[in-house]
Amino acid sequence: MKQEKILIMGACGQIGVELTLALRQQYSNAQVIASDLRDEAHPLLEGSGPYYKLDATDIKAVAELVQKESITQIYLLAALLSATGEKMPMKAWEINMNSLLQVLELGVEQKLTKIYWPSSIAVFGTTTPKNDTPQKTIVEPTTVYGISKYAGELWCQYYHRRWGLDVRSLRYPGLISWKSAPGGGTTDYAVEIYHEALKHKAYTSFLSENTYLPMMYMDDAIRGTIELMEAPEDQIRSRMAYNLSAMSFSPKEIAAAIQKHIPDFSISYAPDFRQAIADSWPSSIDDSAARSDWHWKHEFDLDKMTADMLKNLEK
Ligand code: NAD
Ligand code: AKB
């Protein structure tokens, strides 16, 4: 059997850094090629494996690299997220859609064994049921980011149905991590708050106190991603992205969790344009399809995540 060789695009981002390191543990450094538009991110620099500066929308350069490195799998993480996307909608559409369509085409041409492409809770909109949002429901996204994610899911399903391409996807909730910074999303407040709590014992949230959103610790997201990708093909019953859930909390609740460790931490609220985006998203997600199809299970709740975040950021 041909040895798997994985290309990660967008490897310097919040997810990319941790996914690259985790896949290098699972396979080997040489089997996991990291790439991004930016210079190599610091956590990847310490000799952990090969790195290329690569524009995910430059199909010629991507195709050349796939050939040169005999790539068998692609993880396409390059994207503009919800808040940045609203500032430059056409650019977000171009990056998010063109990179995906080109990778799907390349997947068929080069007979790639697997492709991973993440979707988001941003596919849902104001007409979607807000609590325990089901896997299949009304989907009318309000942001260009959400539109690109939902269109992308349909394209993934199309390439699987039409060409048998093994492309898999998850609708991540907001992700919280300490190794790398978030890249311009609406859920970024839930990372910033830990940094500010340790530095200044105070944080001003750009979302209002009772805005509940689905959230997940990065450790769970990385493990879930690898479990989805390693699952036998017959367990993947949805070729649209799977809902994935761990916890749901508001700015007021995360602040209370931090106050258990830093009692004099204080939070204030100054909602900005991201409030409307958050208000259009679900408060909580029903991920029973992922739990029954490929046995997804989260490990971190708000208190466990808060203890781990503060411990690692303090270092
Ligand atoms: P991020 O913004 O932190 O990282 C994205 C990376 O893509 C950056 O390093 C950026 O330099 C790179 N990039 C942008 N344009 C590029 C291009 N043209 N060519 C190559 N690289 C390019 O984002 P992230 O949080 O790591 O998200 C990764 C994926 O996961 C995205 O598709 C995002 O929509 C999805 N997602 C993330 C979250 C989250 O909370 N982090 C939630 C849901 C879905
Ligand atoms: C964002 O806020 O844009 C992302 C996401 C939930 O897709 N974190």
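Numbering (the numbering used here), first residue to last: 100 to 414.
C-beta: ideal position from N, C-alpha, C; glycine also.
DSSP-derived helix/strand/coil call for L269: strand
When burial is assigned at 16 or more other CB atoms within 10 Å of the CB, is A369 buried or exposed? exposed
Here's the rule: buried if 16 or more other CB atoms are within 10 angstroms of the residue's CB, otherwise exposed. What is S219? buried
Which whole runs of the beta strand (DSSP E) in the segment 109-158 are 3 residues long or more, in chain order? 131-135, 150-152
Inter-stretch contact at 8 Å, needing at least 3 Cβ pairs: the segment 295-315 / the segment 326-337: no
I need the boundaries of the beta strand (DSSP E) containing V313, first residue and last residue. Note that residue 313 corresponds to Pro in the displayed sequence, not to Val. It spans 312-316 - the beta strand (DSSP E) in which P313 sits, taken as one unbroken run.
Nearest-angstrom Cα separation, counted from K213 out to T408: One detail in the question is off: residue 408 reads as Met in this sequence, not Thr. Cα to Cα, the separation comes out at about 32 Å.
Could you work out which residue in S382, W393, T405 is closest to I357 when comparing CA atoms only? T405
What distance in whole Å lies between the Cβ atoms of L176 and P217, which are believed to be in contact at a cut-off of 8 Å? 7 Å
What I want to know is whether the C-beta of S218 ends up closer than 6 Å to one or more non-hydrogen atoms of the ligand AKB. no
Bounding residues of the beta strand (DSSP E) (the contiguous stretch that carries L175): 172-175
Out of H394, T241, F223, P240, state which residue places its alpha-carbon closest to the alpha-carbon of P233. F223
Apart from the five residues on each side of it in sequence, which residues of its chain come closer than 6 Å, Cβ to Cβ, to I158? Q201
Is the beta carbon of P313 sitting closer than 7 Å to the one on S344? yes
Check whether the Cβ of I325 lies closer than 6 Å to any heavy atom of the ligand NAD, and answer yes or no. no
Please state the DSSP three-state secondary structure of K351. helix
Hey, could you find the ends of the alpha helix (DSSP H) S391 is sitting in? 387-392
Cβ of L306 within 6 Å of any heavy atom in the ligand AKB? no
Going along the chain, which residues of its own chain have a beta-carbon closer than 6 Å to the beta-carbon of G206, five neighbours each way excluded? Around G206: I214, L264.
Rounded C-alpha distance that separates K210 from R270: When the Cα atoms are used, K210 and R270 turn out to be separated by approximately 25 Å.
Less than 6 Å between the CB of D318 and some heavy atom of the ligand NAD, yes or no? Outside the cutoff, so no.
Whole-angstrom distance between K414 and F364, CA atom to CA atom: It is roughly 19 Å from the alpha-carbon of F364 to the alpha-carbon of K414.
With a threshold of 16 other CB atoms inside 10 Å of the CB of I194, please say whether the residue is buried or exposed. So I194 ends up on the buried side.
So the beta strand (DSSP E) T303 belongs to, where does it begin and stop? 301-304
With 16 other Cβ atoms within 10 Å as the buried cut-off, status of S198: buried
Any heavy atom of the ligand AKB within a distance shorter than 6 Å of the CB on L420? Absent from the model: residue 420. The displayed extent of the chain is 100 to 414, so no value can be given.
Once the 5 residues before and after M187 are set aside, which same chain residues still bring their CB inside 8 Å of it? L179
So, does the segment 299-311 touch the segment 349-356, judging by three or more C-beta pairs under 8 Å? yes
Drop a sphere of 10 angstroms on the beta-carbon of Q113, count the other beta-carbons inside from all chains shown, and report buried for 16 or more, exposed for fewer. buried
If you follow the beta strand (DSSP E) that I366 is part of, which residue opens it and which one closes it? 365-368
Range covered by the alpha helix (DSSP H) that runs through K248: First-last of the alpha helix (DSSP H) with K248: 243-262.
Taking the alpha carbon of D392 as the point to measure from, which residue in A377, N342, I361, L412 has its own alpha carbon closest? Ranked by how close their Cα comes to the Cα of D392, the residues A377, N342, I361, L412 have N342 in first place.
Compare the Cα-Cα distances from T156 to each of E326, G109, E239 and report the closest residue. Selected option, being the one with the closest Cα: G109.
DSSP on I83, reduced to helix/strand/coil? The question about residue 83 has no answer here: the residues shown for the chain are numbered 100 through 414.
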